[in-house]
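Numbering (the working numbering) for the sequence shown: 1 to 139.
Just so it is clear, CB atoms sit at the ideal spot from N, CA and C, and this is done for glycine as well.
Everything below concerns the one structure shown next.
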Amino acid sequence: AQGHRQPGSTFKVMVLMAALRQGVDINETTYESKPLKFVDEGTGTPIDVQTYDHSYGGSMSVFQALVKSDNTIFQQLDLDVGPEEVRRAAYDLGITSKLCLHSNLQTLRLLALRLSQMLRFKDARKRRPRNRPYPLGLC
């Protein structure tokens, strides 16, 4: 098993969870895979998102983007499902920090990093011999 989790991959879970709760069909909902650089009109937040390897696949479904780990598709999905819903999903996944309401991939990556740190802590606790249960940060 891989010992480290990637924050950019973890944030996708939060966005996907929010989308599925809204009934988004991940096989039928499509976006254009492309570099994103703009200011979110609703919040004034600068958006600058690219794929890890700077390759783009054109139009693809959310499911295809999940398989390809395309951050640009998930940023667009994030904007459509809304920051409140993504924030709710983050809380449900165990994030306990106060979260601001804006659609910003960089903020989601920080949240995902916090979640991955919590999961690493949880994994470390599992490997430790123990005589009694330990409280964990995730439900």
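The stretch 31-111 contains, as complete alpha helix (DSSP H) runs of 4+ residues, the segments 62-68, 71-81 and 83-92 (chain order). Under the 8 Å Cβ criterion, the stretch 51-62 does not count as touching the stretch 84-97, having fewer than three qualifying pairs. In the three-state reduction of the DSSP assignment, T29 falls in the coil class, being assigned neither a helical nor a strand state. At the C-beta level, L79 and K12 stay beyond 8 Å of one another. Less than 8 Å divides the Cβ of S69 from the Cβ of S9. The beta carbon of I73 sits closer than 7 Å to those of Y31, S33, M60, V62 and A65, all from its chain and outside the five residues before and after it, given in chain order.
The Cβ neighbour count for N71, taken over all protein chains shown within 10 Å, is at least 16; the residue is labelled buried. One thing to note: A18 has its Cβ within 8 Å of the Cβ of R88.
A distance of 8 Å or more separates the beta carbons of F38 and I26.
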